[in-house]
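Numbering (mature numbering (1 follows the signal peptide of the UniProt record, and there is no 0)), first residue to last: -22 to -1, 1 to 513.
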């Protein structure tokens, strides 16, 4: 049977790229051929497991629930008796997949880890609209599962909202479809109901473009909130906007026109925060259901803590929508997944963007982007990317269909893959550090020692960087953060190197919780050790 490149143009692009892929950095590996579910939401736990979460009313998945654990819902239009799993936990050590059970609809919901390592998960559609759920992770050989809270619910129902942990360990929940408010978990006793955020209504257009707002906690304790093409600084203590940023040119950037966003690593005196927003769909593509309208390739970069901030513009090598921006342990940003044409929504994207791109923030403008080795699996609408403790990036999901569809041009994707950045290449193994000793718990401002070993002698400073585990969904990693600790040059001690470190000074720089602690030697990270940062 002949293959028509006119009907599958991305195949031609892949064949062309594959002829040169050996010259491009990075490598790919298939971890699991069938995870059972297409992950719409993904989060890595401190037990080196990964929670994969789809929506419940999607019909049969490819993973059964444990016997006797079926879900009964007379309002489910597809399966009223549902014995299929729609969420699983993935063991990074063994690649084993265990089914989990969730009762209410998690379609396009939001999440964030709490200070004790529990995953807070909020909202969704239909019976999940006002739901609050928790997953308290456990060792891979133990049993833990979702718990749907009965004593508390969201004040406003939330679909397409964003969560962000705050300096005191509480969580703010921002926006949602038709919900231009914020609220908090746990609910604030001094506050009666949700708080109106007029900004979200002001930036809404006739195709929305204000859903899944980009929310970043700044080191001054305020929030940077971006929706459509505008941003504000928000004081969550007094619930008011205290600064309006200039408009970002280049079209809408949030759902359904989504590019992605990341806050660059915090370091030095921790007073400066830089936000980067890349990609997005052409305005109108969603309304017109245009699958072939080229995506934008522009990126805006702004010093959010500057008193007179301006956007610095640059272009990616590719136009991209539905890309994920993953903070690597080095401080570089991996941009991966997505498409080069169309918009977000069911069957509304085309021309998959198979090449990841590395954004190197310390390079001069014009030299910051590096094109990487392309993958072979299109990761389109409803796909995710998450940093793993060993420095790889996990790729999951892609289901641009209302139900599971394995016969489409871009089928429902159940494979789990890992992308290894160039820092994990074999020629750098002799400078890769190993953390031999690090405290399990550190307090704000505490000085502590980290001991590492390295095959070759250390030259220069070995960094110790704290990266949290965000909640990845819809091209944005909610709560994502990398903090470069203040360290002294390493000192040889009995065959190891001792690095004196100072923990982050407060919860505005690094909210309380569990962090992956990486030692980074000449741009090569160790396997992380989980550290609990507490007040």
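A virtual CB, placed ideally from N, CA and C, is assigned to each residue, including glycine.
Treat the numbers as computed from the prediction; the structure is a model and nothing was measured.
Exposed or buried, what is residue i when buried is set at 16 or more other beta-carbons lying within 10 Å of its beta-carbon?
| i | result |
| --- | --- |
| residue 391 | buried |
| residue 99 | buried |
| residue 513 | exposed |
| residue 494 | buried |
| residue 161 | buried |
| residue 462 | buried |
| residue 47 | exposed |
| residue 437 | exposed |
| residue 298 | buried |
| residue 405 | exposed |
| residue -22 | Since pLDDT at residue -22 reaches only 41, below the 50 mark, its modelled position is unreliable, and the value read off the structure follows with that caveat. Residue -22 comes out exposed. |
| residue 337 | buried |
| residue 239 | buried |
| residue 411 | buried |
| residue 141 | buried |
| residue 511 | buried |
| residue -5 | Only weak support exists for where residue -5 lies, its pLDDT of 47 falling under 50; the value from the coordinates is given anyway. Residue -5 should be labelled exposed. |
| residue 257 | buried |
| residue 515 | As displayed, the chain neither begins before -22 nor continues past 513, which places residue 515 out of reach and without an answer. |
| residue 159 | buried |
| residue 471 | exposed |
| residue 230 | buried |
| residue 380 | exposed |
Are residue i and residue j closer than 8 angstroms when you measure CB to CB?
| i | j | result |
| --- | --- | --- |
| residue 151 | residue 136 | yes |
| residue 322 | residue 331 | no |
| residue 18 | residue 375 | yes |
| residue 188 | residue 178 | yes |
| residue 39 | residue 62 | yes |
| residue 81 | residue 120 | no |
| residue 108 | residue 132 | yes |
| residue 27 | residue 118 | yes |
| residue 143 | residue 423 | no |
| residue 347 | residue 305 | no |
| residue 590 | residue 327 | Outside the shown range of the chain (-22 to 513) lies residue 590, about which nothing can therefore be said. |
| residue 110 | residue 97 | no |
| residue 358 | residue 388 | yes |
For residue i, name the three-state secondary structure that DSSP assigns.
| i | result |
| --- | --- |
| residue 464 | strand |
| residue 182 | coil |
| residue 401 | helix |
| residue 176 | helix |
| residue 408 | helix |
| residue 133 | coil |
| residue 60 | strand |
| residue 427 | strand |
| residue 104 | helix |
| residue 343 | coil |
| residue 266 | helix |
| residue 525 | Past the edges of the chain, shown from -22 to 513, lies residue 525, and the structure says nothing about it. |
| residue 322 | coil |
| residue 1 | helix |
| residue -6 | Since pLDDT at residue -6 reaches only 48, below the 50 mark, its modelled position is unreliable, and the value read off the structure follows with that caveat. Helix. |
Please work out which residues of its chain come closer than 7 angstroms, Cβ to Cβ, to residue i, disregarding the five sequence neighbours upstream and downstream, and give them in chain order.
| i | result |
| --- | --- |
| residue 66 | 13, 14, 15, 30, 41, 75, 76, 77 and 78 |
| residue 483 | 248, 422 and 423 |
Tell me, to the nearest whole angstrom, how far the beta carbon of residue i is from that of residue j; I am working on the premise that it is less than 8 angstroms.
| i | j | result |
| --- | --- | --- |
| residue 51 | residue 485 | The pair is not a contact, with the Cβ atoms about 40 angstroms apart (cut-off 8 angstroms). |
| residue 93 | residue 153 | 23 angstroms between Cβ atoms; not a contact. |
| residue 308 | residue 503 | 6 angstroms |
| residue 363 | residue 373 | 6 angstroms |
| residue 10 | residue 35 | Actually they are not in contact, since the Cβ atoms of residue 10 and residue 35 sit about 24 angstroms apart, beyond 8 angstroms. |
| residue 409 | residue 432 | 6 angstroms |
| residue 488 | residue 444 | 6 angstroms |
| residue 194 | residue 253 | 6 angstroms |
| residue 232 | residue 205 | 5 angstroms |
| residue 524 | residue 416 | Residue 524 lies beyond the range of the chain shown here (-22 to 513); nothing can be said about it. |
So, at 8 angstroms on beta carbons, what are the nonlocal neighbours of residue i in its own chain, with the 5 sequence-adjacent residues on each side left out?
| i | result |
| --- | --- |
| residue 6 | 351, 353, 354, 395, 396, 397 and 398 |
| residue 249 | 197, 198 and 283 |
| residue 227 | 207, 276, 278, 289 and 291 |
| residue 106 | 34, 82, 83, 84, 85 and 87 |
Using a Cβ-Cβ cut-off of 6 angstroms (strictly less than) and excluding sequence neighbours within five positions of residue i, which residues of its own chain qualify?
| i | result |
| --- | --- |
| residue 234 | 264, 321, 322 and 323 |
| residue 104 | 83 |
| residue 508 | 24 and 492 |
| residue 310 | 336 and 338 |
| residue 425 | 480 |
| residue 314 | 302, 334 and 363 |
| residue 455 | 448 |
| residue 475 | 430, 436 and 468 |
| residue 459 | 446 |
| residue 434 | 408 and 409 |
Give a yes or no on whether the minimum CB-CB distance between residue i and chain B is below 8 angstroms.
| i | result |
| --- | --- |
| residue 312 | Given the protein chain composition of this structure (a single chain), no chain B is represented. |
Looking at residue i and the ligand SAH, is the gap between the Cβ and the nearest heavy atom below 7 angstroms?
| i | result |
| --- | --- |
| residue 495 | In terms of ligand content, the structure shown is empty, and the ligand SAH therefore cannot be addressed. |
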